[in-house]
Amino acid sequence: MQIGEIPRVRLATLPTPLEEAPRLGEALGGIRLFVKRDDNTGLALGGNKARKLEFLMADAVKQGADTVITTGGPQSNHARMTAAAARKLGMRPVLVLEGKKPSERQGNLLLDELLGAEVSFVPEDADLDAEMARVAERLRAGGARPYIIPLGGSSALGSIGYVLAAMEIVDQSIAAGIAPDRVYTSGGSGGTLAGLLLGMKVFAPQVAVWGISVGRREPDLIQRIVRKAEEAARLAGLPVSVTEDDVHVDDDYVGPGYGIPSPECIKAIRLAAETEGLILDPVYTGKTLAGLAGHVKRGLVRSGETVVFLHTGGAPGLFAYSEWF
Ligand SMILES: *Cc1c(COP(=O)(O)O)cnc(C)c1O
42 MQIGEIPRVR
52 LATLPTPLEE
62 APRLGEALGG
72 IRLFVKRDDN
82 TGLALGGNKA
92 RKLEFLMADA
102 VKQGADTVIT
112 TGGPQSNHAR
122 MTAAAARKLG
132 MRPVLVLEGK
142 KPSERQGNLL
152 LDELLGAEVS
162 FVPEDADLDA
172 EMARVAERLR
182 AGGARPYIIP
192 LGGSSALGSI
202 GYVLAAMEIV
212 DQSIAAGIAP
222 DRVYTSGGSG
232 GTLAGLLLGM
242 KVFAPQVAVW
252 GISVGRREPD
262 LIQRIVRKAE
272 EAARLAGLPV
282 SVTEDDVHVD
292 DDYVGPGYGI
302 PSPECIKAIR
312 LAAETEGLIL
322 DPVYTGKTLA
332 GLAGHVKRGL
342 VRSGETVVFL
352 HTGGAPGLFA
362 YSEWF
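Residues in the sequence shown are numbered consecutively from 42, following the working numbering.
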C-alpha cells in the first residue's frame, strides 16, 4: 500500500502554522527557532493526537465500530481527543484511565465529562491492554461493536500521521526559505517520534530528529521508536529502514517522573509564555523545551542553528497543575 491509499478521515485542521519565535530563540542562546503549531490541530482544543486519530479512526470506521475504547492517565490528552473524535464520527467514547480518580474534575478530565465519555479508573499497575480487552468484551456482550485504540494512539498506523507531518514541515520550510538543522519534540509512547523520524528520513534526511523523553528511559524509548517506525515503513510502502543509529533521544529531562514537573520544566513554560505568548504544558512540551534549552547550554545545539520545535499540545492539562505555578 502507498501512503496516500491508507484510509484516513479528516479530523485535524491542517496544515498547522510554522511560526518563527525570535525572542524565545534569542533567550535560549541565539538559535533560529521555529514552532510547529500542532497544538493548533483543532479537535477539542488540539494536540498531536489529532494526526494519529485520522488514521486510527478511519480503521475504526472501516471495521464498522460504533464504540471506541482507549486509555491514558487522568489528564490524558489522547483520551480527551479520542473521545472528541468518536463524537465527531457518531461513536460512543469509553475511557479506561490509569490511577486514582481525582477529587477535582479539571483540565482534560472535565472535557472527557463534557464529551460524555464513559470513564472508569483502574489501578496504576494494571495491565491496560487487558483492562481494555475486558471492557470490550463486556460491551460486545451488550451488542456494541467496540474498537480499541492503544495508549497514546501509538500504533504504526497512528504514526503515519507524523510521516505526513514531516512532509508538511519540509514543504513549509521550503516555502519559508529556511533549512532546519534539527526538529525537537516530546517522547512519550514514541509514536510521534517514530512517524517524524521515518518521514524525515524519506523527505529530508539531513534534518536530525531529537526526542526529549518525558518518562521512559532511553533504551526503552529507542526500541519502541525503531519498532514502530519499521512497521510504519512497511505499512506505507516506504523503501527505508530505521535503525537505532537514526534515533536521538535524551532522558535527562524527565525530572521526578512522568507527569511530575521539574523546576526546569516550570521555568521553560514561563519562558515561552513571557517571550512569545506561547503556552506549553507541564507533562510534555515544558520538559521538551527544557531539554532544548539544556542542549543549547551544553553546546549540543550551536547558536545560529535553525531548530523546529514541534509543539504537540497539552495545554488543557495545565489547569490541573495550578499549584505548581
Ligand atoms: C501524547 C502526547 C505527546 C507524546 O506523543 P507520543 O506519540 O506518545 O510520544 C506529546 N505531547 C502531548 C501534548 C501529548 O498529548
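Backbone N, C-alpha and C define an ideal beta-carbon position, used for all residues, glycine too.
- Quick one: does the C-beta of N118 sit closer than 7 Å to a heavy atom of ligand 1? Residue side-chain check: N118 places its Cβ nearer than 7 Å to a non-hydrogen atom of ligand 1.
- Item | Nearest-angstrom Cα separation, counted from E172 out to E165 | Going by C-alpha positions, E165 is about 12 Å away from E172.
- Query: Would the beta-carbon of G261 be found less than 7 Å away from any heavy atom of ligand 1?
  - Reply: Reading off the sequence, residue 261 comes out as Asp, not Gly. Result no, Cβ not under 7 Å from ligand 1.
- Task: Check each candidate in A217, E285, A216, R258 and name the one with the smallest Cα separation from V250.
- Result: Nearest of A217, E285, A216, R258 to V250, Cα basis: E285.
- K77 lies in the alpha helix (DSSP H); which residues open and close that run? Where K77 is concerned, there is no enclosing alpha helix (DSSP H), although the beta strand (DSSP E) it sits in stretches over 73 to 78.
- Please classify G45: is it buried, with 16 or more other beta-carbons within 10 angstroms of its beta-carbon, or exposed? Its Cβ having fewer than 16 others within 10 Å, G45 is exposed.
- Task: Would you kindly report the start and end of the unbroken beta strand (DSSP E) that includes L138?
- Result: From DSSP, the beta strand (DSSP E) with L138 extends over 133 to 139.
- Could you tell me whether the region 314 to 329 touches the region 47 to 58, using the rule of 3 or more Cβ pairs below 8 Å? Counting Cβ pairs under 8 Å, fewer than three are found: no touch.
- Task: For the alpha helix (DSSP H) holding R268, just list the boundary residues, first then last.
- Result: Unbroken alpha helix (DSSP H) run through R268: 259 to 276.
- Task: Let me know the secondary structure DSSP gives A249 once reduced to three states.
- Result: In the structure shown, A249 falls within a strand segment according to DSSP collapsed to helix, strand and coil.
- First and last residue of the beta strand (DSSP E) that includes D291? 289 to 291 is the span of the beta strand (DSSP E), which, as asked, contains D291.
- By Cβ distance, which residues of its chain are closer than 6 Å to S214, with the 5 residues on each side in sequence left out? Only P221 meet the Cβ criterion.
- Message: Let me check understanding here. Comparing Cα to Cα, which of L333, A125, G194 lies closest to D292?
- Response: D292 has its Cα closest to that of L333, out of L333, A125, G194.
- C-beta contact flag for S28 and G71 at 8 Å: This structure cannot settle anything about residue 28, because the visible part of the chain is limited to 42 through 366.
- Query: What number of angstroms, rounded off, separates the C-alpha of G354 from the C-alpha of G183?
  - Reply: One C-alpha to the other measures close to 36 Å.
- Task: Determine whether the Cβ of M98 lies closer than 8 Å to any Cβ atom of chain D.
- Result: Any reference to chain D falls outside this structure, which holds one protein chain only.
- Message: Judging by CA-CA distance, which residue of V176, S144, M122, G194 is the nearest neighbour of V137?
- Response: That would be V176, whose Cα lies nearest to the Cα of V137.
- Item | Candidates S363, T347, V337, Y362: closest to A69 by CA position | Checking the sequence, you will find Leu at residue 69 rather than Ala. Per the Cα distances, V337.
- Continuous beta strand (DSSP E) stretch holding L211: start and end: In the sequence as displayed, the identity of residue 211 is Val instead of Leu. Not the beta strand (DSSP E): V211 falls in the alpha helix (DSSP H), residues 197 to 217.
- Message: By alpha-carbon positions, which one of R275, P143, Y188 ends up nearest to I201?
- Response: Minimum Cα distance to I201 is reached at R275.
- Message: Relative to the C-alpha of Q104, which candidate in G229, Y299, E317, P187 has its C-alpha closest?
- Response: For the residues G229, Y299, E317, P187, the minimum Cα distance to Q104 belongs to P187.
- Query: Could you give the distance in angstroms between the alpha-carbon of V255 and the alpha-carbon of P280?
  - Reply: Distance between the alpha carbons of V255 and P280 is about 31 Å.
- Query: Which residue's Cα is closest to the Cα of I266: V288, E139, A158?
  - Reply: Between I266 and the set V288, E139, A158, the nearest pair of CA atoms involves V288.
- Supposed close pair A158, E139 - CB separation, criterion 8 Å: That pair is no contact at about 15 Å.
- Message: Using a 10 Å radius around the Cβ and a threshold of 16 neighbouring Cβ atoms, would you call P297 buried or exposed?
- Response: Taking a 10 Å sphere around the C-beta of P297, we find fewer than 16 other C-beta atoms and assign the residue as exposed.
- Message: Please determine whether the Cβ atom of S195 lies at a distance below 7 Å from any heavy atom of ligand 1.
- Response: Result yes, Cβ under 7 Å from ligand 1.
- Query: Buried or exposed: which applies to M42, given that a residue is buried once 16 or more other Cβ atoms fall within 10 Å of its Cβ?
  - Reply: Counting Cβ neighbours within 10 Å, M42 comes out exposed, since fewer than 16 surround it.
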